[in-house]
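**Q** Mapping to the UniProt record's numbering: the sequence shown position 33 is 33, numbers consecutive.
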Amino acid sequence: MPASLSQTFSATDFTGDLKAIHVPVLVMHGEDDQIVPIHNSAIKSIKLLRSGTLKTYPGLPHGMCQTHPDLINSDLPAFIHS
Numbered sequence: 001m002p003a004s005l006s007q008t009f010s011a012t013d014f015t016g017d018l019k020a021i022h023v024p025v026l027v028m029h030g031e032d033d034q035i036v037p038i039h040n041s042a043i044k045s046i047k048l049l050r051s052g053t054l055k056t057y058p059g060l061p062h063g064m065c066q067t068h069p070d071l072i073n074s075d076l077p078a079f080i081h082s
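1. So, under 8 Å CB-CB, I21 and L49 are touching, yes? Tell me the CB distance rounded to an integer number of Å.
2. Taking Cβ to Cβ, would you say residue 100 is nearer than 8 Å to I35?
3. Please classify T12: does DSSP put it in a helix, a strand, or coil?
4. Thinking just about the alpha-carbon of each residue, which of S51, N73, D33 and N40 is nearest to the one in K19?
5. Nearest CA to the CA of A11: which residue from D33, E31 and N40?
Here it is as structure tokens:
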């Protein structure tokens, strides 16, 4: 990701957007994400969502959907049907 895009994304405040979501949301985050640390994103986001569910993945990196698709995909149906 270009530095300018990363800086813009990091400087954007999504608080209002997250508070405005009125449907269930599954927040999935790898605990070993070195690009977007879990405490800077998922932990903050889940506190702002009205109906948020946080699913963390110990040891998984940023891009876990590409590196561990079977694991990630196996968790989606449970959330959808809940």
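Cβ atoms here follow ideal geometry from the backbone N, Cα and C, with glycine treated the same way. Values in this document were obtained by computation on a predicted structure and should not be read as measured data.
**A** Looking at the atomic coordinates:
1. The count along the sequence shown starts at 1 and reaches residue 21 at position 21. The count along the sequence shown starts at 1 and reaches residue 49 at position 49. Under the criterion of beta carbons closer than 8 Å, I21 and L49 qualify as touching, at roughly 6 Å.
2. Not covered by the structure: residue 100. The range shown for the chain is 1 to 82.
3. In the sequence shown, the residue the question calls residue 12 occupies position 12. Looking at T12 - three-state DSSP - the assignment turns out to be coil, as it is neither helix nor strand.
4. Translated into positions along the sequence shown, residue 19 becomes position 19. Selected option, being the one with the closest Cα: S51.
5. Here residue 11 refers to the residue found at position 11 of the sequence shown. The shortest C-alpha separation from A11 is found at N40.
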